[in-house]
Structure formats: structure tokens, C-alpha cells
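See below for the structure under consideration.
Residue numbers (full-length UniProt numbering): 1 to 274.
Right, here's the structure in full:
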């Protein structure tokens, strides 16, 4: 999201029901340069290849024959770079989009990338994994009519969901529903991986992207609506009397992230609260 002025103008006065059409129209007019990073998230690659190994190993203990399933709601994330990266690291990965044009572009791009992936682009250790599949599905994240196209049925859910430039693209009034939908889509032992961005932007400034400093904690750990007027004091981010839908496992500053984060991006890893 390199030119927030253009995005602000495009989404000015759009109601909640018009948000999806707003993003689709940007693709139709070839304006994906507003947010397309051109590469998979370095922070996510590092997490999967290093920190995430133990978490994924624990997930496989109960059902070693089944491949782990990952979801990337790819609104604002270009051509599905993270979906391809996760597939190359052993996941059956699914990118969810509201634009049929994006789905077609992503499918074509993934096919070309999977034929001869560049290790330096998708991760140096990807050869250590048995390749999964990269899939792209048309649907609205907040609806339930797309899940069967991801092989989701009955109690089967995702093992990993990745969020980056998705929550920050939503109207603040949609944040509570985003958190509950994430809880609904994840397996009890699954993980929600969030690259928190933008943390440098004031809560009072209009979006997208909307400033999210403290928002993930407010939504996921405290179970509140995620609508903040200022960043909460550090002391309010810890404690045992938490009633949110998730428990935070890890919170750290990644060694590598996108330049657009201005050095403030944080990685947070969440598991549905028991």
C-alpha cells in the first residue's frame, strides 16, 4: 500500500457492503501497484523455516498422513506470493479473493512459479519440504459458501491462516467479525500468523490502510471490538483475565520485513483459546 492517498480517495464514503467491489474495481483498472509487494513476505518465510517448525510438528502428531492446510485471504497481497511460498514449504495452501480476475491471475502466476521456483525468492530451505498445492478460490471471507472449495467440510478446518494487509484494509467496524471468523476457520490447535501493519499510523487517520497498533491484542486477546482511539499502555497488554477468542503464543519483531512497515512491523502468533 505504497500510495495511501489514492486508496483513500478510492474508498472514501464507501459503505461496508461496497468494500469488496472497491477492491475488485482496482484490479479491473490495473491498479494493483497500490499494494502489490512483488514478493512473498520475508517475515513469513523466516517464521515457517525457523520458528514455525516446532509448531507445525506438534500439529502433525495426531494425523501424520494428512498435509497441513493453510489459508491466505489475499485481498491486498498481490498475486498470491504467500500461497505459492506455503505450498513450496509443504502446505496445501489456499488464497481467497473477492475478484474473479485476481483468481485467474494468481492461478496462472502460481503455475509458472511452481515449475521452477527461485530459492532466494521463496526461501532457501524450501527444498527440505515435500511440495503441497497452491490453490485460489473466489469468495467473501465473511461468508461460508466458499469453504467446500478448499476441501473444508464438517469439523475440518485450517491449520494456519496468514494475515497481512487484510485486517488493515477493512473498515474498523468489521474488525470484530474478522476475529470471530478467524476463530471459526481455524482448527483448535491451529495458528493465526499476523504480520502486524501499519503500526506507525495514528488510529485517528483514515484508511485504508488503517493504523493497527494494539488492535490485534484488543481483538484477539481481550475479545473487544478493535476500535481504538489511541495505543493502549503496555501494561494493559498482559494479564490473566483475558476473555478473547485467541491466546498469543509469540510476539516479536521480525529480522526481515517490507520497507513499507518503516521498521515497526511485528509478528504475532495466535492459537484459538481453549
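Glycine included, every Cβ here is placed at the ideal spot set by N, Cα and C.
Small disclaimer: the values here were computed from a predicted structure and weren't measured.
Of all alpha-carbon atoms in 116, 95 and 115, the one lying nearest the alpha-carbon of residue 106 is that of 95. Within the DSSP secondary-structure output, residue 93 pairs in a beta bridge with 70 and 134. Residue 44 and residue 127 have their alpha carbons spaced roughly 17 Å apart. In the same chain as residue 109, and ignoring 5 residues on each side of it, the C-beta atoms closer than 7 Å to its own belong to 79 and 80, in chain order. With a cutoff of 8 Å on beta-carbon distance, residue 136 and residue 192 are scored as not near each other.
Rounded to whole angstroms, residue 99 and residue 40 show a C-alpha spacing of 20 Å. Residue 267: member of the beta strand (DSSP E) spanning 266–272, first to last residue. In the three-state reduction of the DSSP assignment, residue 160 falls in the strand class. Taking a contact to require three or more Cβ pairs closer than 8 Å, the stretch 147–165 and the stretch 179–199 qualify as touching.
Taking a contact as a CB-CB distance under 8 Å, the pair residue 197 and residue 259 does not count as one, their CB atoms being some 11 Å apart. Annotation: the continuous alpha helix (DSSP H) that includes residue 82 extends over 81–88.
Cβ-Cβ distances below 6 Å link residue 200 to 262 and 264 in the same chain, with the five nearest sequence neighbours on each side left out; the list follows chain order. Within the same chain, and ignoring the five residues on either side of residue 224 in sequence, the residues whose Cβ sits closer than 6 Å to its Cβ are 218. Look at residue 243 here: in three-state DSSP terms it is coil, with no helix or strand label. Under a 10 Å Cβ-count criterion, residue 268 is classified as buried, with 16 or more other Cβ atoms of the shown protein chains found around its own Cβ. Taking the Cα positions, residue 123 is about 26 Å away from residue 168. Ranked by how close their Cα comes to the Cα of residue 129, the residues 248, 170, 148 and 67 have 67 in first place. Sequence-distant partners of residue 120 (beyond 5 residues in either direction) whose C-beta falls short of 8 Å from its own C-beta are missing from its chain.
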